[in-house]
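Structure, as structure tokens:
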Amino acid sequence: MDCNRVFVSKVKRLTIVFTLLIAFLSIKIDTFAQVDSAVVPVDSAVAESADVASGEHGSAKHEKEKFEPTKVIMEHIADSHVWHLWGHTSLPLPVILYTANGLEVFSSAHFHHGEHDYKGKYNNYRLEEDHIKVVGADGKIDEEASKSILDFSITKNVAAMFVAILVILIVFISVAGAYKKRVGKAPKGLQSLIEPIIVFVRDDIAKPNIGHKYNKFMPYLLTVFFFIWFNNLLGLIPIFPGGANVTGNIALTFVMALGTLIIVNVNGNKYYWKHILLPDVPFWLWPLMVVVEVIGIISKPFALMVRLFANITAGHIIVLSLISLIFIFETLAIAPVSVAFVLFMDVLELLVAFLQAFIFTLLTALFIGMAVEEHH
Amino acid sequence: MELVTPSIGLVFWTSVAFICLLIILRKFAWKPILGAIHEREQSIDEALNKAELAKQEMARLTSQNQDLMQQARAERDEILKEAKTLKDSILNEAKKQAQTEGAKLIEKAKIEIENQKKAALAEVKGQVSSLSLEIAERVLRTQLDDKTKQEALVANLLKDVELN
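Chain order of the listed sequences is A and B.
Position one of the first sequence corresponds to residue 43 (the working numbering), numbered consecutively onward.
Position one of the second sequence corresponds to residue 98 (the working numbering), numbered consecutively onward.
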């Protein structure tokens, strides 16, 4: 356990150092690039790639365009209504809007990457910076109306999450089938790959932290672990159906942390609640302590949420920054360096993918353990 | 800031998807997998325990066998010893008996020999006396053919008688 914590802190430190390095580089290069672009015409291929990367292409924008790494990276790690596949090919995803009048369902292909408005049943819609806005009668965006609609679209992240869930279901139901078929026999194939991980979650995460009541929480812990891990891994694959920053999205980590919050507090026994509401301190400290303890209830899952989000997003940012170096320098000579660093980062991310799933599950188990512990 | 603002759509879909995943996996994956692993672990434990018991039983049997062996060996030795003493005693007795028997026979033989000797001697004596009488008769007959010699003999005999 101690080793892991040390390791996590090391990885974080490394991530921070890298981020700073990349930030520094991008600032310096930005100034250079500005000077350069005045003299040297931008390579059309680079411009096109940047174009594709920024998700907006069109006849109007085929002139010289400055490469903006921050914009590109932010667009990559953010959610989107289309799933960019390659070149100019994107997979349009369904848009589902909840309006005051009812549900609106249509394909995001109607927006033509934000160039066209779509006339829906109840409103006109426009895609602006990957957000769906209501267009008023005057042709301008109606901010009031836009706020009132709720966007339940199957976005890139949702679709990627569904892919991950499909993979998880296929893997684990087939493994479960193998257990039914080979009763009492040694594991084989995929089963022998998965079993040690399940046993690891049970023996090294659940049992030591929760104690003898661990059995009840095993499904939740295992699901959380594999859900995060598979999403992390799929996020590392640069091509479809991977590449989405699913676990690096605050919404997903928010839901996971909320799940932990609920499961911990629903299962909290009387000792847990006594510790929070009637702490063992002089009575005049009660108001303060109760507030602190209640904040503690929230802050623990909050830390979980931020940790997972920040780690995975940071990983994606670093990889994208390293790739962006090629376009910033506008030379292929930097490519080997970039690729070497990306390779290194990807291997590190592979570890981080496992580590974050492990940490999330471990801390969830720890919080559950604290809530169900019998003492005094 | 947009990066850290959870969007309602993703929150909704994640919740739905995660809950569905949890329910499906719980029923179709975790239950059978954990059950199977648990069962197998138990069976392995059981098998190990059984093996341990079998080992102990084996050791017990071996020591028992050894004991039996030792006992049997001791018994055999005992029997052998007994047999030896018995044999010795029988031999001794037989020897003694043979000796006494032999001594008896020798005694008998001696007596017989003595008897035979005596009988033989008596017979020899009788024969010697008859032979000597015959010889004497023959001698006397030849010697007494002559008158003078008869007279001399008588005279001699008379002399002997006088001495008696």
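For glycine and all other residues, C-beta sits at the position ideal for the given N, C-alpha and C.
Predicted, not measured: the structure shown is a model, and the values here were computed from it.
Leaving aside the five residues before and after A:Gly411 along the sequence, list all residues of the same chain whose C-beta is less than 8 Å from its C-beta, in chain order. By 1-based counting over the first sequence, the position of residue 411 of chain A is 369. Excluding sequence neighbours, A:Gly411 sits near Asn251, Ile252, Gly253.
In chain A, which residues lie less than 7 Å from B:Ala114 when you measure between Cβ atoms? For the purposes of this step, residue 114 of chain B is taken as the residue at position 17 of the second sequence. Ordered by position in chain A, the residues that pass the 7 Å Cβ test against B:Ala114 are Met203, Phe204, Ile207.
Minimum C-alpha distance to B:Val101 - residue among A:Lys54, A:Pro111, A:Ile212, A:Thr289: By 1-based counting over the second sequence, the position of residue 101 of chain B is 4. Among A:Lys54, A:Pro111, A:Ile212, A:Thr289, the Cα nearest to that of B:Val101 belongs to A:Thr289.
I need the DSSP call for A:Met224, collapsed to helix, strand or coil. Here residue 224 of chain A refers to the residue found at position 182 when the first sequence is read from its first residue. Note that residue 224 of chain A corresponds to Arg in the displayed sequence, not to Met. Coil.
Interface partners of A:Val308 on chain B, CB under 7 Å: Taking the first residue of the first sequence as 1, we reach residue 308 of chain A at position 266. Going along chain B, no residue has its Cβ under 7 Å from A:Val308, so there is no contact; the nearest lies around 14 Å.
Look at the Cβ atom of A:Lys198, then the Cβ atom of A:Ala286, and state whether they are nearer than 8 Å. Position 156 of the first sequence, counting from 1, holds the residue named residue 198 of chain A. Position 244 of the first sequence, counting from 1, holds the residue named residue 286 of chain A. Yes; because the gap between Cβ atoms is below 8 Å, this pair is in contact.
From the DSSP output, read off the bridge partner residues of A:Val176. Numbered from its first residue, the first sequence carries residue 176 of chain A at position 134. Note: A:Val176 sits in a beta bridge opposite A:Tyr167.
Compute the Euclidean distance between the alpha carbons of A:Ile196 and A:Ser122, then round it to the nearest angstrom. Taking the first sequence and counting its residues from 1, one reaches residue 196 of chain A at position 154. Taking the first sequence and counting its residues from 1, one reaches residue 122 of chain A at position 80. Distance between the alpha carbons of A:Ile196 and A:Ser122 is about 9 Å.
According to DSSP, is A:Lys230 part of a helix, a strand, or is it coil? Within the first sequence, residue 230 of chain A is the residue found at index 188, counting from 1. In the structure shown, A:Lys230 sits in coil (DSSP, three-state: anything other than H, G, I, E or B).
Mind checking the stretch 117-128 of chain B against chain A and listing, in chain order, the residues whose C-beta falls within less than 7 Å of any C-beta there? Leu118, Leu119, Ile121, Leu122, Arg123, Phe125, Ala126, Trp127
Is A:Ser150 buried or exposed, if buried means 16 or more other CB atoms sit within 10 Å of its CB? To locate residue 150 of chain A, count along the first sequence from 1; it is residue 108. Counting Cβ neighbours within 10 Å, A:Ser150 comes out buried, since at least 16 surround it.
Test item: CB-CB of B:Val108 and A:Val124 under 8 Å: Position 11 of the second sequence holds residue 108 of chain B. Position 82 of the first sequence holds residue 124 of chain A. No, the pair does not count as a contact, with Cβ atoms beyond the cut-off.
Using a C-beta cutoff of 8 Å, does B:Leu100 count as contacting chain A? Reading the second sequence from its first residue, position 3 is the one you call residue 100 of chain B. Answer yes: the Cβ-Cβ gap between B:Leu100 and chain A drops below 8 Å somewhere.
How big is the Cα-Cα spacing for A:Pro136 and A:Phe153? The sequence position of residue 136 of chain A within the first sequence is 94, counting from 1. The sequence position of residue 153 of chain A within the first sequence is 111, counting from 1. Taking the straight line joining both Cα atoms gives about 11 Å.
What number of angstroms, rounded off, separates the C-alpha of A:Glu237 from the C-alpha of A:Val394? To locate residue 237 of chain A, count along the first sequence from 1; it is residue 195. To locate residue 394 of chain A, count along the first sequence from 1; it is residue 352. Near 21 Å, if we compare the C-alpha coordinates of A:Val394 and A:Glu237.
Do A:Pro111 and A:Ser341 have their C-beta atoms closer together than 8 Å? By one-based count along the first sequence, residue 111 of chain A stands at place 69. By one-based count along the first sequence, residue 341 of chain A stands at place 299. For A:Pro111 and A:Ser341, no; Cβs fall outside 8 Å.
Is A:Val323 close to chain B, meaning its C-beta is less than 8 Å from at least one C-beta of that chain? By one-based count along the first sequence, residue 323 of chain A stands at place 281. So no, A:Val323 is outside the interface.
Which residue wins for smallest C-alpha separation from B:Ile120, given the options A:Val266, A:Gly156, A:Asp193? On the second sequence, residue 120 of chain B is found 23 positions in, with the first residue counted as 1. The option with the nearest alpha carbon to B:Ile120 is A:Val266.
At which residue ranges does the stretch 320-398 of chain A contain complete alpha helix (DSSP H) runs of 4 or more residues, listed in the order of the chain? 328-371
For A:Gly301, which option in A:Ala407, A:Gly129, A:Ile174, A:His126 has the closest C-alpha, if you only look at C-alpha atoms? For the purposes of this step, residue 301 of chain A is taken as residue 259 along the first sequence, with counting starting at 1. Per the Cα distances, A:Ala407.
With a Cβ-Cβ cutoff of 8 Å, do A:Glu146 and A:Lys161 count as a contact? Taking the first sequence and counting its residues from 1, one reaches residue 146 of chain A at position 104. Taking the first sequence and counting its residues from 1, one reaches residue 161 of chain A at position 119. No, they are not a contact pair.
Helix, strand or coil for A:His126 per DSSP? Taking the first sequence and counting its residues from 1, one reaches residue 126 of chain A at position 84. It is a strand residue.
Is any beta-carbon of chain B found at less than 8 Å from that of A:Leu362? Here residue 362 of chain A refers to the residue found at position 320 when the first sequence is read from its first residue. By this cut-off, A:Leu362 is not an interface position.
A:Asn133 - partner residues in DSSP beta bridges: To locate residue 133 of chain A, count along the first sequence from 1; it is residue 91. Looking at the sequence provided, one finds Leu at residue 133 of chain A rather than Asn. In the DSSP output, where bridge partners are listed per residue, A:Leu133 has A:Trp125.
In the DSSP assignment, find the beta strand (DSSP E) that holds A:Ser149 and state where it starts and stops. The count along the first sequence starts at 1 and reaches residue 149 of chain A at position 107. 145-149 is the extent of the beta strand (DSSP E) around A:Ser149.
Under 8 Å between the Cβ atoms of A:Ala206 and A:Asn165? In the first sequence, counting from the first residue as 1, residue 206 of chain A sits at position 164. In the first sequence, counting from the first residue as 1, residue 165 of chain A sits at position 123. In this structure, A:Asn165 does not lie closer than 8 Å to A:Ala206 by Cβ.
Contact under 8 Å by Cβ, B:Ile105 with A:Asp184: Counted from its first residue, the second sequence places residue 105 of chain B at position 8. Counted from its first residue, the first sequence places residue 184 of chain A at position 142. Result no, Cβ atoms of B:Ile105 and A:Asp184 do not sit closer than 8 Å.
Quick one: which chain A residues come within Cβ less than 7 Å of B:Leu107? Stepping through the second sequence from its first residue, residue 107 of chain B is reached at position 10. In chain order: Asp121, Thr197, Asn199, Val200, Asn291, Ala293, Leu294.
Contact set between A:Thr141 and chain B, taken where Cβ atoms lie within less than 8 Å: Within the first sequence, residue 141 of chain A is the residue found at index 99, counting from 1. Within 8 Å Cβ-Cβ: nothing; A:Thr141 doesn't reach chain B, min ~13 Å.
Between the alpha carbons of A:Gly219 and A:Met116, how many angstroms are there, rounded? In the first sequence, counting from the first residue as 1, residue 219 of chain A sits at position 177. In the first sequence, counting from the first residue as 1, residue 116 of chain A sits at position 74. Taking the straight line joining both Cα atoms gives about 42 Å.
Ignore the nearest five residues each way along the sequence and tell me which others in A:Val384's own chain have a CB closer than 8 Å to its CB. As a working mapping, residue 384 of chain A is identified with position 342 in the first sequence. Cβ within range, chain order: Val361, Leu364, Ile365.
Should A:Asn311 and A:Ala413 be called a contact, given that it needs their Cβ atoms to be closer than 8 Å? Stepping through the first sequence from its first residue, residue 311 of chain A is reached at position 269. Stepping through the first sequence from its first residue, residue 413 of chain A is reached at position 371. In contact: A:Asn311 and A:Ala413 (Cβ atoms closer than 8 Å).
Rounded to the nearest angstrom, how far is the Cβ of A:Leu392 from that of A:Leu278, given a contact under 8 Å? Position 350 of the first sequence, counted from the first residue, corresponds to residue 392 of chain A. Position 236 of the first sequence, counted from the first residue, corresponds to residue 278 of chain A. The pair is a contact, with the Cβ atoms about 7 Å apart (cut-off 8 Å).
Since A:Gln398 and A:Ile210 should fall inside the 8 Å C-beta cutoff, what is the C-beta to C-beta distance between them, to a whole number of angstroms? For the purposes of this step, residue 398 of chain A is taken as residue 356 along the first sequence, with counting starting at 1. For the purposes of this step, residue 210 of chain A is taken as residue 168 along the first sequence, with counting starting at 1. The Cβ separation is near 16 Å, so there is no contact.
Identify the continuous alpha helix (DSSP H) that holds A:Lys255 and give its terminal residues. Translated into the one-based positions of the first sequence, residue 255 of chain A becomes position 213. Counting along the chain, A:Lys255 falls outside any alpha helix (DSSP H), and DSSP gives it neither H nor E.
Determine, using beta carbons only, whether A:Gly181 comes closer than 8 Å to chain B. Sequence index remark: in the first sequence, residue 181 of chain A carries index 139 (1-based). No, no contact with chain B.
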